[in-house]
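These notes concern the structure reproduced below.
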Amino acid sequence: MGMTIAEKIMAAHGGGDKLTAGEIIMPAVDMVYSNELNTSLAIYGKEDILQAGVFDRARVAIIPDHFTPNKDVASADLCKFVRDFARQQGIEYYFEVGRLGIEHIILHEKGLVNPGEIVVGADSHSCTYGALGALAIGVGSSDFLYAMMAGKIWLKVPETIRVELIGALSPYVTGKDLILELLGQIGPDGANYRILEFCGEGLQSMTMADRFTVCNMAVEAGAKTAIFPPDEITEAYIKPRALRPYRLYASDPDAAYCQRLLIDLSALTPRLACPHNPSNVKPAAEVAKQKLPVDQVFIGSCTNGRIEDLRIAAGILQGRKIAPGLRLVIIPGSRDVYAAALEEGLIQTFIEAEAVVGPPCCGPCIGGHMGILAAGERCVATSNRNFKGRMGSMDSEVYLAGVPVAAASAIQGYIAIPEEVLHHA
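For the sequence shown, the positions run 30 to 454 when the working numbering is used.
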């Protein structure tokens, strides 16, 4: 019996020559990273452990992104605590305000995660990097601390679900719609402690932005992580960026899978996750018939804050204004995304549409700042979670959507699909 791509990566990092699901291993890691919140939880009161120093100052990254720019004294104190730690440890990749962005966008932009590597992040959406053909794992603060100090992590080898993609994505259907469709099919625990491996001819119609989005939300199905086999699209993205040599892996034809799923991309239409769970998925066109009024639209986050997302938004917003009484908050995912959007004129399009553009951060997605919802308000967001209170009041509602639906809803003032806006062009 052969091995899956994930099993090969684990084996190459010290897991053994032949791995099977359920084994406990201690593989070496290539990169360890965290944000300001989980770093502070990991290091507080651990002065004795930290005296030994991190395992490799060039293999640890700390990205303050949840409450930066600092929104109050408490967040400023927290960030200072983490900043001082990074300086004391001599960590090379500490991303300060002005250099920063959302952690799950910064690392692949900077070439700090590569195909065939094992990356550990102290955040549940660390599975994002599976889009590169890396084994990307989200862990708690204690496991993050151990990985940061020892350069390895303990794992139980997960089973793998094979998701074969056929067909091609239609215009205004994105990776967000694919992962929402999958969540709707298997539910919030359909991939518990399993790896979602995406493969098939359908990969050719998926950009890297699509793939990052899909992997980012795999955790919403309970998955340990998700992974795409690296191909020419992956290599075109990573070659100009990679800071280290990398290796491309592929699953063996006779690899063992615990489940096989098939999704026809050409049959997909825009999807919408209704309150209060990412797996409460319906066709966006079905919900749009209700013309549910919207108070705020948020375009950004580690799920959909890349330059490709902003280009789609600008294409729909160009020459139009958002609905009266509605707030459109747009947050580029990193400094580089912001700079590209500025150079391409996208920021001007957003301003003319009467949107507000904020600095790179996680703010609205976690209900932290720069877009908190009041009681009774409804928001369409391109982020990854819509649990009660996620973006503010427990009495608010969040609908998760791809950028085309979010932009169309901002123009119409109610939950809408892109065809409604384009039809009136």
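For every residue, glycine included, the Cβ atom is placed at its ideal position computed from N, Cα and C.
DSSP places residue 347 in the coil class of the three-state scheme, outside both helix and strand.
Between residue 167 and the set 304, 380, 246, the nearest pair of CA atoms involves 246.
In this structure residue 248 touches residue 154 by the C-beta definition: roughly 6 angstroms separates them, less than 8 angstroms.
For residue 322, the three-state secondary structure derived from DSSP is strand. In the three-state reduction of the DSSP assignment, residue 146 falls in the coil class, being assigned neither a helical nor a strand state. Contact check for residue 273 and residue 143: beta-carbon distance about 6 angstroms, within the 8 angstroms limit, so the pair qualifies. In this structure, the alpha-carbon of residue 181 lies about 14 angstroms from that of residue 45.
About 7 angstroms separates the Cβ atoms of residue 415 and residue 306, confirming a contact at the 8 angstroms cut-off. Annotation: the continuous alpha helix (DSSP H) that includes residue 447 extends over 447-452. Closest in alpha carbon position to residue 33, among 261, 164, 331, is 164. When DSSP states are grouped into helix, strand and coil, residue 226 belongs to the strand group.
Look at residue 243 here: in three-state DSSP terms it is helix. Residue environment analysis places residue 281 among the exposed positions, since fewer than 16 neighbouring C-beta atoms fall within 10 angstroms of its C-beta. The beta-carbon separation of residue 197 and residue 295, rounded to 6 angstroms, stays under the 8 angstroms limit for a contact. Beyond the five residues adjoining it in sequence on each side, residue 69 comes within less than 7 angstroms, by CB distance, of 107, 110, 111 in the same chain, given in chain order. Distance from the CA atom of residue 256 to the CA atom of residue 409, rounded to whole angstroms, is 27 angstroms.
Residue 438: member of the alpha helix (DSSP H) spanning 432-441, first to last residue. Within the stretch 362-444, the complete beta strand (DSSP E) runs of at least 3 residues fall at 407-410, 426-430. Apart from the 5 residues on each side of it in sequence, residue 398 sits with its Cβ closer than 6 angstroms to the Cβ of 100, 392 in its chain, given in chain order. Excluding sequence positions up to five before and after residue 174, its CB lies within less than 8 angstroms of the CB of 71, 72, 75, 78, all in the same chain and listed in chain order. By the criterion of a C-beta distance shorter than 6 angstroms, residue 293 is surrounded in its chain by 195, 196, once the five residues flanking it on both sides are discounted. From the listed residues 339, 224, 188, 201, the smallest Cα separation to residue 372 is found for 339. For residue 284, the secondary structure class from DSSP, reduced to helix, strand or coil, is strand.
Straight through space, the alpha carbons of residue 403 and residue 50 are spaced by roughly 46 angstroms. When C-beta atoms of the stretch 349-361 are compared with those of the stretch 378-387, three or more pairs fall below 8 angstroms, so the two segments count as touching. Bridge pairing for residue 60: 148 [DSSP]. The Cβ atoms of residue 95 and residue 66 lie closer than 7 angstroms to each other. Its Cα nearest to that of residue 366, the residue 335 stands out among 275, 221, 320, 335. By a beta-carbon distance limit of 8 angstroms, residue 178 does not contact residue 250. Their separation comes to about 31 angstroms.
Apart from the 5 residues on each side of it in sequence, residue 407 sits with its Cβ closer than 6 angstroms to the Cβ of 323, 324, 426 in its chain, given in chain order. Judged by their CB atoms, residue 63 and residue 160 are not nearer to each other than the 7 angstroms cut-off. Apart from sequence neighbours up to five positions away, the residues of its chain that approach residue 123 with a beta-carbon distance below 6 angstroms are 91, 115, ordered along the chain.
Boundaries of the beta strand (DSSP E) harbouring residue 192: 188-195, taken from the DSSP string.
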